[in-house]
Structure formats: structure tokens, C-alpha cells
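Chemist: Quick one: this structure, given as C-alpha cells, is what I'll be asking you about.
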Amino acid sequence: MLARVWSATIVGVDAVKVGVEVDVSGGLPKITVVGLPDTAVQESRERVKAAIKNSGFAFPVRKITVNLTPADLRKEGPSFDLPISIGILTASEQVDPQLLRDYLFLGEMSLDGSLRPIAGVLPMAATAVKLGFKGMIVPKDNAQEAAVVEGIDVYGLNNLDEVAQFLQQPERFIPTKFNPTTEFEPLFNNINNLKDVKGQNHARRALEIAASGGHNLIFVGPPGAGKTMLARRLPSILPPLDFNEALEVSQIYSVAGLLKNNGSLIRERPFRSPHHSASGVALVGGGSFPKPGEISLSHKGILFLDELTEFKRTVLEFLRQPLEDGFVTISRARQSVAFPSQFTLIASTNPCPCGYYGDTIQPCTCSPRQREQYWAKLSGPLLDRIDLQVVVTRLKPEEMTRQKTGETSEIVRERVLKAREKAQNRFKNDTISSNAQMQSRHLREYCIIDDASRNLLEGAIRKLGLSARAMDRILKVSRTIADLAGDNDLQSHHLAEAIQYRTIDRMQ
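When you line the sequence shown up against the numbering used here, it's residues 3 to 510, in that order.
Structure, rendered in C-alpha cells:
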């Protein structure tokens with residue numbers, strides 16, 4: 003007898019429907035799995051056999067052929083354990099096949115038949131809704147995660163026996179529910195606060211601009227000046243993820259297997275800080291079955307690269323396309339997948355190998371040649387994509403001992419929210435939401451400058467040798483500065499402030 007059960011597999015951050023066809027026929031007892039299965043799928047033969055027996059069912063002593071369709075798509079992971087088991091039980095006439103066409107089956111199985119959680123359930127649930135499935139059967143630990151998606155009944159079950167009971171009497175089971183209004187609340191849970199930062203008014207202002215417009219930022223300064231401390235406080239002034247953004251970010255983390263077992267959505271903007279020894283694959287993603295890397299895990303949040311010049315230049319060059327396009331494409335022999343990577347880059351670095359070039363207290367011991375080689379690790383195109391370049395100097399003794407604190411993150415966040423709201427109203431009929439995402443047509447419409455501002459900009463381009471991309475970045479930052487001030491039109495002082503943030507261009 004032939005049985006067909008529906009399941010799914012992950013491709014990039016999306017899911018693709020997979021048909022699990024099981025044929026039980028005469029012949030020597032053997033299980034064969036075809037349809038480009040990976041090692042984990044091949045190993046499911048032994049898990050399935052033990053799980054069926056230990057759940058109280060009879061395992062057919064016949065020839066069993068399992069075909070995974072479409073045949074040209076590689077299937078990975080243990081999530082096919084449950085659909086293969088249900089297919090075998092159906093083909094051997096031990097369960098009713100009536101409900102199989104309306105449900106998606108997902109789950110890894112232990113040898114005793116219990117269901118274990120799997121990665122990628124959230125995008126699989128979204129695909130099930132698009133394809134018109136009535137419901138899906140998942141491990142109990144994945145139920146809350148899948149139930150986030152509206153339009154489908156999600157049943158979280160404990161073991162194979164419960165799944166068989168569901169197929170016989172579905173009315174006995176209650177689907178898992180998720181209520182966005184009560185179970186999703188924007189979350190501010192950052193213990194770092196800007197009030198902890200003493201002095202550094204120029205750097206604090208740059209953080210506020212970066213948060214308001216989604217601009218990339220680099221801090222340059224000697225050791226102990228507070229570069230890392232400043233960067234780690236950026237999340238505290240960012241707006242929370244809204245429900246759609248949280249769903250998008252959680253989908254990426256679900257695919258990566260990093261979503262918590264309770265299935266709760268990620269409510270804080272991601273803050274990822276990979277070590278400078280990270281490889282290109284760790285940063286952008288990859289593998290034989292491509293998985294998201296750090297830049298995709300930073301989607302809608304922050305990618306912080308501490309000690310930027312310690313990263314390999316080849317690794318840093320991978321950032322150029324994602325910074326420009328908001329996604330990264332990974333090509334393999336059999337497939338090409340795109341991962342979203344719309345993040346804000348925050349970086350920090352010393353000004354030279356010894357770290358004290360330009361310091362007023364500690365003399366620099368580096369030669370001009372050493373400093374030149376040090377900065378050569380960062381290419382011009384990469385620096386062009388960093389909108390705000392800020393020198394952070396060490397605090398004076400009186401600033402270090404001062405008890406008075408600066409503005410709190412809560413106060414600064416209010417200004418950031420107002421500036422972001424102004425930008426979102428501007429782009430409400432467009433596909434972008436922040437000033438950093440503006441393209442040439444947006445600059446022509448929203449960054450109109452007068453003659454005085456034009457002369458100022460032309461002078462900066464000549465003096466600093468700025469590229470066309472760097473000029474566009476200056477205009478975008480100017481637009482954000484104007485939004486923070488509540489101004490509709492760009493003025494020369496907005497432009498002047500934006501130009502002063504091209505610190506590295508002035509250093510070179």
C-alpha cells in the first residue's frame with residue numbers, strides 16, 4: 003500500500019513543502035530512503051524502526067521504500083522522522099489516512115517514540131499557511147513557536163502514540179493559541195544605560211544620530227577611552243521591534259536553531275559581537291546546507307565589530323554587499339539562497355598599532371609606515387559605507403571623578419523615536435523605513451540643499467577627496483540631523499555637522 007504524508011524542509015530562511023511517499027510491498031525486509039536525503043535523514047531509518055516498535059505498533063516485516071519529493075531538492079535534518087513513521091503506519095493500515103492531506107507533519111523522534119523539537123518550525127508554519135494546510139503536527143516544545151503564525155491550527159504532541167490518536171480522533175485535541183496583544187509586548191531589557199558614560203558628548207551625539215537614522219558608525223580612539231562602552235549602549239536608545247519585525251527576526255533565529263524552546267518571539271533588537279578571529283562563513287553564513295551568519299543574525303539590529311582592524315581584510319570585504327543591499331547571497335553547487343541582513347554596523351578600533359596616535363598623554367611609538375599599513379586593512383569602499391566616523395579621546399581627570407551623570411537612555415530614546423517617526427511618515431508609501439536606506443531618487447526628493455550648503459559640500463569633497471558614495475552618506479546623515487532638530491528642510495549647519503563625522507577621511 004502507498005501512503006503520502008506532507009512535511010517541509012528549510013531553504014535559506016524559507017521553507018519548502020516536501021512530500022513523503024511510503025510504499026510497503028513484498029520483498030526482503032529493508033527500508034530504503036531516496037530523494038536526496040542527507041545523513042540525518044538516512045539515519046532516521048533506525049530511529050523510526052525503534053520508535054514504532056516502542057510505541058506499541060507493529061513494524062512491517064516487508065520491503066519499505068520512502069521517497070522524498072521533489073527529488074532534486076536536498077533534504078536535511080531529523081524533522082522527517084515523524085512523517086516517515088506516520089507514512090509507514092498508514093501504508094501498513096495501522097492508522098487512518100483521512101486527515102493526512104490537510105496536515106503538515108514535523109518532528110524528530112527518540113527511540114521510545116517521544117517527539118523532540120526541531121529548528122525552523124516558524125518559517126515552516128508560514129509556508130503551511132501559504133499552501134492552505136488546515137493544521138500542522140509538531141513536537142510540544144515547538145508548538146508555541148509555530149502558533150505565532152496566524153491562519154493555521156497547531157497541535158503540539160508528545161509522542162508517536164498521541165499523533166496516531168489525533169489521526170483517529172482529532173476532536174479530542176485542542177490547538178495551541180498565540181495572542182499577539184497579550185503575549186507580545188515590546189521589551190526594553192538592556193542593563194546598559196547612557197547615563198553610565200561620563201563626558202564624550204561628541205560620541206554620544208553620534209550614537210543618537212546612528213540610532214535615529216540607522217547609520218553605520220565607527221569609534222576611533224586609544225585603549226580605555228570608552229569605545230566599547232559607548233557601542234554597547236546603542237541598543238538602549240533604539241526603538242523596540244514591532245510585531246512584524248519580531249516575526250522576521252525570530253524566523254531567522256528559528257532556522258539557525260537559536261530560538262528559545264518556549265517559542266517566545268525575540269522582542270529586543272539583536273546585538274551581535276563576533277570575535278575578530280571569526281571566519282567569512284561565520285560572518286556571512288554558509289555551509290553545505292547554508293545557514294545564516296552573524297550579519298543575518300544582526301538583522302533589524304546591530305553588528306558590533308570590536309577591534310575592527312584585527313579582523314582579516316578578506317573577511318571585512320564580505321560586508322560590502324550586505325551593507326549596500328540589505329541581504330547576502332550564498333551560492334553553492336546545488337542552490338543559491340539569500341539571507342536578509344539589514345543591520346547597523348558599529349565598529350571600534352585604535353588609531354594605530356600601539357593605540358596612542360594623537361593621544362595627549364601617551365606618546366605614539368609607531369612609524370608613519372606602520373600606521374599606513376595598519377589602516378590599509380580597511381578598504382576605501384568599506385570606509386565609504388561607514389556614515390559616522392568619530393574620534394573618541396580619553397577623559398580628563400576631572401571628567402573621570404565627576405559624579406554628575408549625562409542624559410539617560412530613556413531621554414535620548416524619546417528623541418530617537420520622534421526622529422524615526424518623522425522618517426517613517428516620509429517613507430510611508432515606500433519600501434524603506436530609515437534615512438540610511440535612501441537611494442538616489444530619495445536623495446533628490448528629500449535632501450534638497452541651498453547654494454550655501456552646496457558650496458560647503460563641494461569644498462568638503464575637494465578637501466577630503468570624498469567619493470560619490472561618501473557624499474551620499476553625508477546627505478543621509480544631514481537628513482537625520484534635521485529630523486532630530488524637527489526641521490523639514492536641510493540647512494548648512496546640518497550639513498556642516500554631518501561633514502565633521504568624516505574623521506577617517508580627514509586623517510588619511
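Just so you know, even glycine gets a beta-carbon here, dropped at the ideal spot from N, CA and C.
Entirely within the stretch 469 to 499 and at least 4 residues each: give me those alpha helix (DSSP H) ranges in chain order.
Modeler: Along the stretch 469 to 499, the alpha helix (DSSP H) occurs as fully enclosed runs of 4 or more residues at 470 to 487, listed in sequence order.
Chemist: In three-state DSSP terms, what is Y503?
Modeler: For the purposes of this step, residue 503 is identified with residue 501 of the sequence shown, where counting begins at 1. Residue state, collapsed to three classes: coil.
Chemist: Using only alpha-carbon positions, find the residue among G328, A248, K478 that is nearest to Y448.
Modeler: Taking the sequence shown and counting its residues from 1, the one referred to as residue 448 is at position 446. With distances taken between Cα atoms, Y448 lies closest to K478.
Chemist: What are the start and end residues of the beta strand (DSSP E) that includes P85?
Modeler: For the purposes of this step, residue 85 is taken as residue 83 along the sequence shown, with counting starting at 1. P85 -> not in any beta strand (DSSP E); alpha helix (DSSP H) instead, spanning 83 to 93.
Chemist: Going by beta-carbon coordinates alone, are E296 and L305 separated by less than 8 Å?
Modeler: For the purposes of this step, residue 296 is identified with residue 294 of the sequence shown, where counting begins at 1. For the purposes of this step, residue 305 is identified with residue 303 of the sequence shown, where counting begins at 1. Yes, the Cβ-Cβ distance between E296 and L305 is below 8 Å.
Chemist: Quick check on DSSP: helix, strand or coil for R456?
Modeler: In the sequence shown, counting from the first residue as 1, residue 456 sits at position 454. The answer is helix: DSSP assigns R456 an H, G or I state.
Chemist: Is the Cβ-Cβ distance between R206 and P242 less than 8 Å?
Modeler: For the purposes of this step, residue 206 is identified with residue 204 of the sequence shown, where counting begins at 1. For the purposes of this step, residue 242 is identified with residue 240 of the sequence shown, where counting begins at 1. Against a cut-off of 8 Å, the Cβ pair of P242 and R206 comes out as no contact.
Chemist: Classify N161 as helix, strand or coil using the three-state DSSP reduction.
Modeler: Taking the sequence shown and counting its residues from 1, one reaches residue 161 at position 159. DSSP places N161 in strand when its eight states are reduced to three.
Chemist: Under three-state DSSP, which class holds F59?
Modeler: As a first step, residue 59 is located in the sequence shown; it is residue number 57 there, counting from the start. The answer is coil: DSSP assigns F59 none of H, G, I, E or B.
Chemist: Excluding the 5 residues flanking A17 on each side, which residues of the same chain have their C-beta closer than 6 Å to its C-beta?
Modeler: To locate residue 17, count along the sequence shown from 1; it is residue 15. Result list for A17: A10, P125, M126, T129, in chain order.
Chemist: For M402, does the count of other Cβ atoms within 10 angstroms reach 16, so buried, or fall short, so exposed?
Modeler: By one-based count along the sequence shown, residue 402 stands at place 400. Counting Cβ neighbours within 10 Å, M402 comes out exposed, since fewer than 16 surround it.
Chemist: Within the same chain, show all residues whose beta-carbon is closer than 6 Å to that of G85, passing over the 5 residues directly before and after it, in chain order.
Modeler: Residue 85 sits at position 83 when you count from the first residue of the sequence shown. Checking the sequence shown, residue 85 turns out to be Pro, not Gly. These residues qualify, in order along the chain: V7, S9, V22, F107.
Chemist: Which of helix, strand or coil does DSSP assign to V97?
Modeler: Sequence index remark: in the sequence shown, residue 97 carries index 95 (1-based). Under the three-state reduction of DSSP, V97 is assigned to coil, being neither helix nor strand.
Chemist: I434 and L219: beta carbons closer than 8 Å?
Modeler: Within the sequence shown, residue 434 is the residue found at index 432, counting from 1. Within the sequence shown, residue 219 is the residue found at index 217, counting from 1. No, they are not a contact pair.
Chemist: Among residues of its own chain, excluding the 5 on either side of G226, which ones have a beta-carbon nearer than 7 Å to its beta-carbon?
Modeler: Working through the sequence shown from its first residue, we reach residue 226 at position 224. Same-chain partners within the cutoff: R396.
Chemist: Reducing DSSP to helix, strand and coil, say where R206 ends up.
Modeler: If you number the sequence shown from 1, residue 206 lands on position 204. Of the three classes helix, strand and coil, the one that applies to R206 here is helix, per DSSP.
Chemist: Would you kindly report the start and end of the unbroken alpha helix (DSSP H) that includes L1?
Modeler: As shown, the chain starts at 3 and ends at 510. That puts residue 1 outside it, with no answer to give.
Chemist: Rounded to a whole number of angstroms, what is the C-alpha to C-alpha distance between T184 and K430?
Modeler: Locating residue 184 in the sequence shown gives position 182, counting from the first residue. Locating residue 430 in the sequence shown gives position 428, counting from the first residue. Unreliable positioning characterises T184 in this predicted model, as indicated by a pLDDT of 48, which lies under 50. A coordinate reading is not provided.
Chemist: Could you give the DSSP three-state label for K229: helix, strand or coil?
Modeler: Taking the sequence shown and counting its residues from 1, the one referred to as residue 229 is at position 227. Helix at K229.
Chemist: What residue range is occupied by the uninterrupted beta strand (DSSP E) comprising E23?
Modeler: Looking up residue 23 in the sequence shown gives position 21. Per DSSP, E23 belongs to the beta strand (DSSP E) from 16 to 27.
Chemist: Let me know the secondary structure DSSP gives K536 once reduced to three states.
Modeler: This structure does not reach residue 536, given that the chain is present from 3 up to 510, and the question cannot be answered.
Chemist: Answer yes if the stretch 39 to 57 comes into contact with the stretch 69 to 83, meaning at least three C-beta pairs across the two stretches below 8 Å, and no otherwise.
Modeler: yes
Chemist: Using the Cα positions of F291 and V68, report the straight-line distance between them to the nearest angstrom.
Modeler: Taking the sequence shown and counting its residues from 1, one reaches residue 291 at position 289. Taking the sequence shown and counting its residues from 1, one reaches residue 68 at position 66. Going from the Cα of F291 to the Cα of V68 covers about 22 Å.
Chemist: Along the chain, where does the beta strand (DSSP E) that runs through M138 open and close?
Modeler: Counting from one through the sequence shown, the residue named residue 138 turns up at place 136. Where M138 is concerned, the enclosing beta strand (DSSP E) stretches over 137 to 141.
Chemist: Pick out whichever of L267, D104, G461, N490 has its Cα sitting closest to the Cα of Q502.
Modeler: As a working mapping, residue 502 is identified with position 500 in the sequence shown. Answer by Cα proximity: G461.
Chemist: Does the distance from the CB of S300 to the CB of R322 come in under 8 Å?
Modeler: Residue numbering aside, residue 300 sits at position 298 when the sequence shown is read from its first letter. Residue numbering aside, residue 322 sits at position 320 when the sequence shown is read from its first letter. It is not a contact, given that the beta carbons lie outside the stated cut-off.
Chemist: Where does V43 fall in DSSP's three states?
Modeler: Mapped onto the sequence shown, residue 43 falls at position 41. DSSP places V43 in helix when its eight states are reduced to three.
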